[in-house]
Amino acid sequence: TFHYAGVAEVAVPQGLPRLIEVVDAKREPDVTIMRIPLEKDKVKTLEEAEKIGKKIREVMISDVSTIKSNLNDMAVVISDIHHLYVEDVEKNLKKMGEVVGSDKKYKMLSKKKSIADLAKLRKKIAKIKLAGIKGIKRVLIKEENGQIIIYTEGSNLREVFKIKGVEKDKIYSNNIQEIYEFLGIEAARSAIITEAKQVLDEQNLGVDIRHLMLVSDMMTLTGDISAIGRHGISGSKTSVIAKAAFEETTKHLLNASLKGEEDALTGVAESIIVGKPPPVGTGIVRLGMRKP
352 TFHYAGVAEV
362 AVPQGLPRLI
372 EVVDAKREPD
382 VTIMRIPLEK
392 DKVKTLEEAE
402 KIGKKIREVM
412 ISDVSTIKSN
422 LNDMAVVISD
432 IHHLYVEDVE
442 KNLKKMGEVV
452 GSDKKYKMLS
462 KKKSIADLAK
472 LRKKIAKIKL
482 AGIKGIKRVL
492 IKEENGQIII
502 YTEGSNLREV
512 FKIKGVEKDK
522 IYSNNIQEIY
532 EFLGIEAARS
542 AIITEAKQVL
552 DEQNLGVDIR
562 HLMLVSDMMT
572 LTGDISAIGR
582 HGISGSKTSV
592 IAKAAFEETT
602 KHLLNASLKG
612 EEDALTGVAE
622 SIIVGKPPPV
632 GTGIVRLGMR
642 KP
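Printed below as a string of structure tokens:
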């Protein structure tokens with residue numbers, strides 16, 4: 352694990368684990384982060400940035416109170432509520448059902464008198480959102496080169512774009528799937544290149560960016576994000592030998608034998624395996640002779 356962009360407080364998977372996440376088109380990375388630059392002319396002080404940060408960070412009831420189960424009354428007790436959120440907590444609890452109590456301490460009875468239902472009710476109450484943007488667990492404010500940047504743990508591009516004072520054209524998330532869903536396949540292609548290059552650069556591996564562009568082009572060729580693996584691009588090949596060369600060799604060869612499949616040997620991998628010139632470069636050239 353390496354720290355993101357030199358910011359020690361925000362740690363995300365790097366190296367091989369992160370590269371695997373990228374090429375496997377993992378729907379949700381283990382740790383999602385966002386980099387949110389703020390507009391220089393509108394946000395000039397850290398105090399102003401903190402106000403924006405409070406709008407972004409998700410606050411749940413469990414963050415501002417103590418939640419306990421009372422087995423005698425079969426109720427969930429919410430106490431020690433932060434004074435800034437007392438009204439919000441009360442309002443949200445009343446939406447769920449009948450609430451007893453006041454003065455920073457409330458009790459909600461479980462409709463079904465069982466321990467399992469009481470536990471479910473407690474979890475449900477703990478996850479009620481009071482403020483902020485869903486999915487943004489933590490916010491970190493830094494000043495870099497005269498501009499204030501907000502780093503977040505968690506990602507929600509759609510909602511962050513609605514916040515006033517952020518530079519919308521410079522917001523970045525490491526969640527490639529979310530980028531695809533919100534900004535489209537071209538943005539996702541760029542994100543794949545950026546994330547892969549960042550991992551390789553941190554390991555001091557000099558890989559030409561054209562190789563990464565080729566990988567990202569293959570992953571986004573269909574207009575959707577496909578993984579590179581037996582469940583994605585490699586698994587979708589029609590050539591038996593090409594599929595067997597990647598993973599699950601025995602399985603593919605046995606299935607092909609049982610079904611009597613034939614391989615035309617038109618691809619690169621299968622051509623190399625059998626010693627045939629692959630159809631690339633000079634291997635594409637075919638000479639013909641006209642009949643007199």
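Quick note: the sequence shown, position 249, residue 600 per this note's numbering, numbers continuous.
Ideal placement from N, C-alpha and C gives every residue a C-beta, glycine not left out.
By the criterion of a C-beta distance shorter than 7 Å, residue 484 is surrounded in its chain by 407, 409, 507, 510 and 511, once the five residues flanking it on both sides are discounted. Unbroken beta strand (DSSP E) runs of no fewer than 3 residues, entirely contained in the segment 438 to 496, are found at 450 to 453, 456 to 460, 480 to 482 and 489 to 495, following chain order.
For residue 592, the uninterrupted alpha helix (DSSP H) segment begins and ends at 591 to 597. In this structure, residue 445 sits away from residue 451, with a CB-CB distance that is not shorter than 7 Å.
In the three-state scheme derived from DSSP, where H, G and I count as helix and E and B as strand, residue 419 is classed as strand. Inclusion of residue 416 and residue 432 in the CB contact set at 7 Å is warranted, their separation being smaller than that value. According to the DSSP assignment, residue 374 belongs to no beta strand (DSSP E) but to the alpha helix (DSSP H) extending over 366 to 374. If you ignore the 5 residues before and after residue 533, its C-beta comes within less than 7 Å of the C-beta of 508 and 509, all in its own chain and listed in chain order.
Proximity of the segment 546 to 565 to the segment 515 to 522 falls short of the contact definition, fewer than three beta-carbon pairs being nearer than 8 Å.
In the same chain as residue 571, and ignoring 5 residues on each side of it, the C-beta atoms closer than 7 Å to its own belong to 536, 539 and 540, in chain order. DSSP, read as helix, strand or coil, puts residue 558 in coil.
If you keep only unbroken alpha helix (DSSP H) runs of at least 4 residues inside the segment 500 to 586, you get 508 to 511, 527 to 534, 536 to 553 and 560 to 570. Listed in chain order, the non-local C-beta contacts of residue 518 below 6 Å within the same chain comprise 388 and 390, local neighbours out to five positions each way being set aside. Boundaries of the alpha helix (DSSP H) harbouring residue 407: 397 to 407, taken from the DSSP string.
Beta-bridge pairing by DSSP links residue 622 to no other residue.
Residue 427 sits away from residue 479, with the two beta carbons spaced by 7 Å or more.
One alpha carbon belongs to residue 486, the other to residue 561, and they sit about 34 Å apart. Annotated three-state conformation of residue 389 is strand, per DSSP.
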